[in-house]
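Down below is the structure, laid out as structure tokens.
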Amino acid sequence: TDDKGVALDGAFGGIQYAPFSWLSLMVDHDGVATQAGAKLHATYKRLSFFVKAYSTDNLRQDAAFAAGIRVPLGSSPPPKPERKPLVWGLQRDPQMPATEKRDALHASWASDDLARTYGNNLAAAQNGRCGKEVSYTAYNVPLLRLSCDENRYSVEWSSGLGDPEAAAPHVQLRLDPVQRYVVGTEVGRMDYSIALRPSLHAVLWAGLSSHVAFDIPLVETDDYEENGALERSAFESGVAEFAAQYTLHAWPGLFIQATGGQTRVAQEMLKFVRADLAWLLFEGRLGLAYSITDFEPEFTGAAETQGLGKAFLWISPGSYAAELTAGRFLYQDSGARLDLYKYFDRLRLGLYAKADEDLTYVGMTVSVPLGGRRALGNRWVSVAGTPRYRASFETEVDSATDENLIRPNFLQQFHPQRNLLDDVLDQWRASPLYVRSR
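Quick note on numbering: the sequence shown equals residues 171 to 608 in our numbering.
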């Protein structure tokens, strides 16, 4: 270009690097400014989904975001070569124990690993070779069991207290990035507060555990700073939560969890007690859950009690699912939320809508692991990344006043740092139906 000081004035170019099949990192220089971005993407047959974020030199915003679905209109590409499955435990090895234990505290990919083992050993059992019996636990609480009987390899619920002798105490350090943000679609602006949340989780014995989490603020926009409009929603340095929990697989598919401790809500440390109940029916095709949380002391703007019911349905086991949440949320809000999910192994993408009597919001959500397939360490101490980093972007589409009302805490759900649906049931994956479908 002949115009000086504008894009494409001088040398320009960019670099894209894909460390994983689902993540791309990009840096480009347009001759004037250098920008960086990241894109999460996944494919399913002829559909591709993406969510991307990149920096910008626009004076009214610090970053730009986009999400979408692509559908090719031309001919289908040739099929990719089929991956060779991970094979282990096809035959009993006299040098190895007949039973292997997999704990979700140690392996964040445990439910999908269990599905691979089931598929591999299913064929072996049909050929007269029984593989290992594998048990899958979380917090030393039995969840699922793979077993072989008369050349039949099966997956079933494993309930009760488990084996006390096999329940070893364990401590894990987990690192979670956390964020809060507000998107103003009419003015093209996004405000955010981002922090790192390391947490220590100690499993004492079967079902009993405790955890403590800390917040380390990293970056925030002006509105989240002191005297800003969103000051009370910003992250603060210090303890974010500490609590004790007891989890029980009381009956095949029926789970109970009790939690008590203190957590930070709107920069207030509140005592809380919480009870969770989840019942997976028809081997996990239908899930029903209810949680009730009581906070003390009361403070202006926050509900004293949160009570939420959930209904989850696998539309296509292991691939598509729907979840309905309704009841009393934080900040005295009552309403309902509907999520439609697509699962890609450990990646989960979703579209959702939530509404009360006056407002309706729609958005997109993504859940993806940040960290390796295995935690680093041994059976007593380990370090891991978050197995399900979650982010969502939403905007208001309807209101009683016909204005774009920005409600950063609209129909917000409280989840303890370690909770039943995410950390024990692995976002509804820990079921016989899911293992068989994978």
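Don't be surprised by glycine CBs; every beta carbon is placed ideally from N, CA and C.
V605: member of the alpha helix (DSSP H) spanning P602 to S607, first to last residue. Nearest in C-alpha terms to R350, of all of W598, R516 and F580, is F580.
Counting every other CB atom within 10 Å of its CB across the protein chains shown gives L546 a total below 16, marking it as exposed. Going by C-alpha positions, R444 is about 55 Å away from G201.
CA-CA distance, V553 to R455, rounds to 33 Å. Looking only at S379, L603, R344 and A436, the smallest Cα-Cα distance to S363 is reached by A436. About 5 Å separates the beta carbon of R588 from that of H381, a gap short enough to meet the 8 Å contact definition. In this structure, the CA atom of D526 is about 24 Å from the CA atom of A399. Of all alpha-carbon atoms in D528, R549, G542 and L519, the one lying nearest the alpha-carbon of R560 is that of L519.
Within the same chain, and ignoring the five residues on either side of A212 in sequence, the residues whose Cβ sits closer than 6 Å to its Cβ are W192, F219, F514 and L517. Less than 8 Å separates the beta-carbon of V567 from that of Y531. In the structure shown, L378 adopts extended strand secondary structure according to DSSP, grouped into three states. In the three-state reduction of the DSSP assignment, Y490 falls in the strand class. When beta bridges are read from the DSSP output, D198 appears opposite G184 and Q205. Nearest Cα to A428 within the set G289, W327 and A413: A413. Taking V373 as reference, the option from S225, T307 and P387 with the minimal CA-CA separation is T307. Within the same chain, H199 and G201 come within 8 Å of A181 by CB-CB distance, once the 5 residues on both sides are set aside.
DSSP places R558 in no beta strand (DSSP E); its state is neither H nor E.
Inter-residue distance for P602 and S324 is about 9 Å (C-alpha atoms, whole angstroms). As a beta-bridge residue in DSSP terms, Q476 pairs with T463. The Cβ atoms of T556 and R344 lie closer than 8 Å to each other.
In its chain, beyond the 5 residues on either side, L450, F482 and W598 have a beta carbon closer than 6 Å to the beta carbon of G457. 8 Å or more divides the Cβ of Q583 from the Cβ of F465. The three-state reading of DSSP puts R286 in helix, counting H, G and I together.
In terms of Cα proximity to P422, the closest of L590, L510, F452 and M534 is F452. When secondary structure is reduced to three states using DSSP, F405 falls in the coil class, being assigned neither helix nor strand. The shortest C-alpha to C-alpha distance from R322 to any of Y288, G408 and V311 is the one to Y288. The straight-line gap separating the alpha-carbon atoms of A234 and A223 is approximately 6 Å.
Contact between A365 and V341 does not hold, since their C-beta atoms are separated by about 23 Å, which reaches or exceeds 8 Å. In its chain, beyond the 5 residues on either side, A481 and L508 have a beta carbon closer than 6 Å to the beta carbon of L494.
Per DSSP, the continuous beta strand (DSSP E) segment holding V538 begins and ends at L529 to V538. Short of 6 Å from the beta carbon of S537, and not among the five residues preceding or following it, lie these beta carbons of its own chain, in chain order: R518, R558 and R560. For E453, the three-state secondary structure derived from DSSP is helix. Between Y604 and the set L510, F563 and W484, the nearest pair of CA atoms involves W484.
Taking 8 Å as the cut-off, the beta carbon of S225 is found closer than this to the beta carbon of G207.
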